[in-house]
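Numbering (the UniProt record's numbering), first residue to last: 1 to 419. Read through the structure below, which is laid out as structure tokens, and then see the notes.
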């Protein structure tokens, strides 16, 4: 691996500023990036929580930042939290997280890395497992590690403080989590650690521990946590406001187009390489009323889909979106659902996994969010107004749920369920 000598100031600023919330000692990190680390690449650590196995484009924000370091010749050091996953990461949570088994961790980590390498250079990445050092930890090592932090310091952490004041249990094992993650930086001799803003406390613990073990303190860089499709809460699967990192181009494009306008700038900054000057110009023109936000949103969706699937797929997804929504056409491709006899609409929506629960199905129906196209064409459409509606087994009929979810009825002989 070759460190890039005399990188352009603009490259350094992109690493330090673009989509970044905090750099703990910005001038120190700028100096390391400009002057080098004694000719050696910086070891840029990212801790991986293997409780996640299907990633969202929210995860891609920190992956892209890691790739920016790699492009300057530095090494990504990924540590799989196989030990901390057995405790459950309390970051950003108001209750305890269920621990994982060793088998679950291994399977999830493999899937995680497959998605991770879609963005980050495999050849410039070192993958490590916490068990490499914690399997050898003794009780004396644990007690020594515990002595470096007080209970008061731990309870100053925002998520612990909320639970403590709300009377929600905080397990002693959870208090160990930041110390274990912090010790990872010692074991790896990390120069830099990056993560989302919800990881700030844990990252700082690593920085505090390293000098105790005779190492320079790592630099800390945290990136934005993008909001989900609701435009308010952090993107997450549990909130059903996410876009999967592996989502097909058309699906990804369509969901991006449903994003509220106010969230576009954050998505541009964290998930594209559109220059800041161009973003400023677009923001100014939209504020003046001389640029339609829909034009900007199409640009955003096209740029992001290009990042994950390439320009040709992005262009095709945009054309499909225009046909579907501007020309009121139904999508050409959609999941198929075999049906031999009439079935209740609520039951079908749940069994076809178009909604997470029967209550959600009833809510959508009451709000007018479910439509039935008996002949599979937009020329005839029926709004489903009651949860007692029975869906007939009409070959080619289409159900529309919300703005973006569709299902085509078919006979069992012609197809099985597809998603």
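Backbone N, C-alpha and C define an ideal beta-carbon position, used for all residues, glycine too.
Around the Cβ of residue 508, are there at least 16 other Cβ atoms within 10 angstroms (buried) or fewer (exposed)? Residue 508 is absent from the structure shown; the chain starts at 1 and stops at 419.
Return the first residue and the last residue of the beta strand (DSSP E) that residue 384 is part of. Annotation for residue 384: no beta strand (DSSP E) segment contains it, and DSSP assigns it neither H nor E.
Contact under 9 angstroms by Cβ, residue 302 with residue 317: With respect to the 9 angstroms criterion, residue 302 and residue 317 are classified as neighbours on the basis of their beta carbons.
Exposure of residue 154, with buried meaning 16 or more beta-carbon neighbours within 10 Å: The residue in question, residue 154, is buried, as its Cβ has 16 or more Cβ neighbours within 10 Å.
Quick one: give me the first and last residue of the alpha helix (DSSP H) that residue 155 is part of. According to the DSSP assignment, residue 155 belongs to the alpha helix (DSSP H) that extends over 151-155.
Under 9 angstroms between C-beta atoms of residue 58 and residue 242: Yes, these two residues count as a Cβ contact at 9 angstroms.
For residue 81 and residue 276, the rounded distance between their alpha carbons: It is roughly 35 angstroms from the alpha-carbon of residue 276 to the alpha-carbon of residue 81.
Grab me the residues of residue 213's own chain with a C-beta within less than 6 angstroms of its C-beta, minus the 5 sequence neighbours each way, in chain order. Correct list, in chain order: 186.
Could you tell me the alpha carbon to alpha carbon distance between residue 161 and residue 198, rounded to whole angstroms? So the alpha carbons of these two residues sit roughly 14 angstroms apart.
Distance cut-off 8 angstroms: residue 18 Cβ against heavy atoms of the ligand GTP: With respect to the ligand GTP, the structure shown offers nothing to examine, as it has no ligands at all.
DSSP on residue 33, reduced to helix/strand/coil? In this structure, DSSP gives residue 33 a helical state, which the three-state scheme calls helix.
Which of the three DSSP states is assigned to residue 459 in this structure? The structure shown does not extend to residue 459, since the chain spans only 1 to 419, so no value can be given for it.
Per the DSSP calculation, residue 399 is bridged to which residue(s)? DSSP links residue 399 through a beta bridge to 372 and 407.
Excluding the 5 residues flanking residue 356 on each side, which residues of the same chain have their C-beta closer than 7 angstroms to its C-beta? Leaving aside the five residues that flank residue 356 on each side, the residues in its chain whose CB is nearer than 7 angstroms to its CB run, in chain order, 240.
Status (buried if at least 16 other CB within 10 Å, exposed otherwise) for residue 17: Exposed.
When the Cβ atoms of the segment 342-351 are set against those of the segment 380-399, are three or more pairs found closer than 8 angstroms? Contact between the segment 342-351 and the segment 380-399 is present, because at least three Cβ pairs lie under 8 angstroms.
By Cβ distance, which residues of its chain are closer than 8 angstroms to residue 364, with the 5 residues on each side in sequence left out? By the criterion of a C-beta distance shorter than 8 angstroms, residue 364 is surrounded in its chain by 349, 355, 370, 401 and 402, once the five residues flanking it on both sides are discounted.
Thinking C-alpha only, which one of 299, 376, 208 and 180 is nearest residue 191? Selected option, being the one with the closest Cα: 208.
Could you give the distance in angstroms between the alpha-carbon of residue 167 and the alpha-carbon of residue 144? In this model, residue 167 and residue 144 are separated by some 29 angstroms (Cα to Cα).
Opposite residue 129 in the DSSP bridges: which residues? Beta-bridge annotation (DSSP): residue 129 is paired with 80.
Buried versus exposed call for residue 211 [16 or more other C-beta atoms within 10 Å across all chains shown]: In this structure residue 211 is exposed. Its beta-carbon is surrounded by fewer than 16 other beta-carbon atoms within 10 angstroms.
Between the alpha carbons of residue 11 and residue 298, how many angstroms are there, rounded? A direct Cα-Cα distance of roughly 27 angstroms separates residue 11 from residue 298.
When burial is assigned at 16 or more other CB atoms within 10 Å of the CB, is residue 422 buried or exposed? Any answer about residue 422 is impossible in this case: the structure gives the chain only from 1 up to 419.
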